[in-house]
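Undergrad: Sharing a structure, written as structure tokens. Questions coming.
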Amino acid sequence: MTDESKFKFMYTYREYDVIRVIVKGINDIYNARNELLNNK
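Mapping to full-length UniProt numbering: the sequence shown position 4 is 4, numbers consecutive.
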């Protein structure tokens with residue numbers, strides 16, 4: 001693996017991690033909102 005491809009791999013992996021965190025955050029907010037609506 002050359003340095004460039006290693007860097008590219010690390011970068012896309014980090015990006016994928018960020019996307020996963022954002023999706024999880026949206027999911028958590030959605031679930032919390034549903035719980036609030038159900039408790040009314």
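Note that beta-carbon positions come from the ideal geometry of N, C-alpha and C, so glycine has one too.
Just to confirm the assignment, what range does the alpha helix (DSSP H) spanning T12 have?
TA: Unbroken alpha helix (DSSP H) run through T12: D3 to N39.
Undergrad: Return the CA-CA distance between N38 and V23, expressed in angstroms with no decimal places.
TA: Taking the straight line joining both Cα atoms gives about 22 Å.
Undergrad: Excluding sequence positions up to five away, which residues of its chain have a Cβ less than 7 Å from the Cβ of T2?
TA: Counting only Cβ-Cβ distances below 7 Å, and skipping sequence neighbours, we find nothing.
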